[in-house]
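J.: Below is the structure I would like to discuss, written out as structure tokens.
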Amino acid sequence: MNNKFIYTPGPTIVRENVRFELAKNTTNPDIDIKFYDFYKNTCKKISSILNTQNDIYILSGEGILGLEAACASLTQPNDKVLVIDNGIFG
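Pasting the structure below:
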């Protein structure tokens, strides 16, 4: 096993015990009632921490997903938006 740390987005070497855990059968979190309860409870806690009555959504994805969600929540239909491209990763 390679013990060097690679600080890049990937691909990286994954330890055998991690691969073993990832290979286990899992339920679909969209229909798992335990996950649903856990998710709703977590959203309530985040709402309390942020002292907000607004809906809370936990996003699972790349960093760009959070940026796009932030942009979408800050704009209204028909708003004019300036998008500046800064290379391959925007």
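When we follow the numbering used here, the leftmost residue of the sequence shown carries the number 1240, and every step to the right adds one.
Idealized CB from N, CA, C, for every residue including glycine.
In this text the structure is predicted, and so the values were computed from the model without any measurement.
1. Can you tell me where the alpha helix (DSSP H) holding S1312 begins and where it ends?
2. Per the contact definition of three or more C-beta pairs closer than 8 Å, is the stretch 1301-1308 in contact with the stretch 1286-1293?
3. Nearest-angstrom Cα distance between C1282 and D1276?
4. Between P1268 and F1259, is the Cβ-Cβ spacing less than 8 Å?
5. Using only CA atoms, which one of T1265, E1301 and T1314 lies nearest to P1248?
6. Could you give the first and the last residue of the continuous alpha helix (DSSP H) run that contains N1280?
7. Relative to the alpha-carbon of S1299, which residue among C1310, Y1278 and N1317 has its alpha-carbon at the smallest distance?
T.: Taking the definition as stated:
1. To locate residue 1312, count along the sequence shown from 1; it is residue 73. Its alpha helix (DSSP H) spans residues G1302 to L1313.
2. Output reads no: the stretch 1301-1308 does not touch the stretch 1286-1293.
3. Counting from one through the sequence shown, the residue named residue 1282 turns up at place 43. Counting from one through the sequence shown, the residue named residue 1276 turns up at place 37. For C1282 and D1276, the gap between their C-alpha atoms comes out near 10 Å.
4. Position 29 of the sequence shown, counting from 1, holds the residue named residue 1268. Position 20 of the sequence shown, counting from 1, holds the residue named residue 1259. No, these two residues do not count as a Cβ contact at 8 Å.
5. On the sequence shown, position 9 is the one that residue 1248 refers to. Cα-wise, what sits closest to P1248 is E1301.
6. Stepping through the sequence shown from its first residue, residue 1280 is reached at position 41. Element bounds for N1280: I1272 to L1289.
7. Within the sequence shown, numbered from 1, the residue matching residue 1299 stands at position 60. When each option's Cα is compared against that of S1299, the closest is Y1278.
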